[in-house]
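Contents: one structure, followed by commentary.
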Ligand code: MG
């Protein structure tokens, strides 16, 4: 850590935890955050939550857990190359999806829909809620009592209405300041990871083909180059080679562009980073276009594929049936959740109990949500 840049997040200068705790003698504060996240219940559940494909469709697809590990791995590479705090990017990366619902994006849209009258549902805000309130394993506080810097990184987006309710952690969305460089890295590593592994999973599922990919500018060059270099490569190997190369180029560009940005803006400390009018961690214009092209390709060829759409409809159906059943009768939830909902209803009305129901549903794995749906409807 002696080579930590002066503008990196330094655990010795952390803005601290909500509840005061004694320092650990052999771990930094950000390492402790990472360890708490790994030991949390929400983290273990990520293994049975999906991104695009439903968990029971096959054992080879990404889950939220493998996705989070891939994000952490990309983010650590970038942080290390730039002398930024590797422990912090790892903690943020591993926690960034803790608030995700079952059934990937479809589940999150469905739950947001159910919660429309009760304050909505944002998965990012939910990740923060998980580490701040829902994990229950310490005697003196609820949540994991993480440092400000890890919590700041977890909350990537937030509506201004919600930001106003969050105190210091929501402030930057109102004042339009930047988070730490480590938070910025975890955010972009997330995008690099999911765009590329959705391509990989899409190919594996057969919903997109190498031929589809070769019609996209960014891939056609790579595919041609790979085929020239290794003419006897199978389609499968070629696709893997292309995705691997793509991640490598995106990461290299991110490091080079961000390093040049830092040189230009000359931040002296983390406050300068936060007060900078632009995010210093970013890709070059060329690579931003490339990522846009990738996103459009995925939207048109994978996310809107009839098979994926069918799954999306099922997810909407399952989540809304669960939500309505529980809102109708809190006792259809396990006792612990029912009691919380009854208490919230008494004190805050439906807005309170609906949030408890959303917490319960968001915490479900894909298979548990499917099973709960079967139990309630049979
Ligand atoms: Mg993610």
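In the working numbering, the protein residues as written are 51 to 428.
Note that CB positions come from ideal geometry on N, CA and C, so glycine has one too.
Anyone know if the C-beta pair for residue i and residue j falls short of 7 Å?
{"i": "residue 99", "j": "residue 415", "result": "yes"}
{"i": "residue 80", "j": "residue 125", "result": "no"}
{"i": "residue 219", "j": "residue 146", "result": "no"}
{"i": "residue 114", "j": "residue 150", "result": "yes"}
{"i": "residue 288", "j": "residue 276", "result": "yes"}
{"i": "residue 368", "j": "residue 419", "result": "yes"}
{"i": "residue 242", "j": "residue 331", "result": "no"}
{"i": "residue 401", "j": "residue 168", "result": "yes"}
{"i": "residue 83", "j": "residue 200", "result": "yes"}
{"i": "residue 352", "j": "residue 257", "result": "yes"}
{"i": "residue 303", "j": "residue 347", "result": "no"}
At the level of alpha carbons, what is the spacing between residue i and residue j?
{"i": "residue 222", "j": "residue 229", "result": "8 Å"}
{"i": "residue 224", "j": "residue 208", "result": "10 Å"}
{"i": "residue 214", "j": "residue 171", "result": "16 Å"}
{"i": "residue 90", "j": "residue 186", "result": "9 Å"}
{"i": "residue 211", "j": "residue 196", "result": "23 Å"}
{"i": "residue 173", "j": "residue 405", "result": "13 Å"}
{"i": "residue 130", "j": "residue 379", "result": "51 Å"}
{"i": "residue 408", "j": "residue 216", "result": "19 Å"}
{"i": "residue 117", "j": "residue 93", "result": "12 Å"}
{"i": "residue 158", "j": "residue 152", "result": "8 Å"}
For residue i, which of the options has the nearest alpha-carbon?
{"i": "residue 155", "options": "232, 417, 358", "result": "358"}
{"i": "residue 193", "options": "202, 181, 389, 201", "result": "181"}
{"i": "residue 65", "options": "309, 411, 258, 321", "result": "321"}
{"i": "residue 454", "options": "59, 67, 127", "result": "Nothing can be reported for residue 454: it is not among the residues displayed for the chain, which extend from 51 to 428."}
{"i": "residue 269", "options": "138, 249, 281, 256", "result": "249"}
{"i": "residue 60", "options": "161, 315, 239, 135", "result": "135"}
{"i": "residue 372", "options": "424, 334, 233, 326", "result": "424"}
Need the endpoints of the alpha helix (DSSP H) that residue i sits in, please.
{"i": "residue 224", "result": "221-225"}
{"i": "residue 289", "result": "285-315"}
{"i": "residue 191", "result": "Taken as a continuous stretch (DSSP letters only), residue 191 belongs to no alpha helix (DSSP H), as it is neither H nor E."}
{"i": "residue 358", "result": "356-378"}
{"i": "residue 420", "result": "416-427"}
{"i": "residue 241", "result": "231-255"}
{"i": "residue 136", "result": "136-145"}
{"i": "residue 276", "result": "267-279"}
{"i": "residue 408", "result": "400-412"}
{"i": "residue 164", "result": "154-164"}
{"i": "residue 213", "result": "210-215"}
{"i": "residue 91", "result": "91-95"}
Let me check one thing: in DSSP terms, what residues is residue i bridge-paired to?
{"i": "residue 197", "result": "67"}
{"i": "residue 100", "result": "113"}
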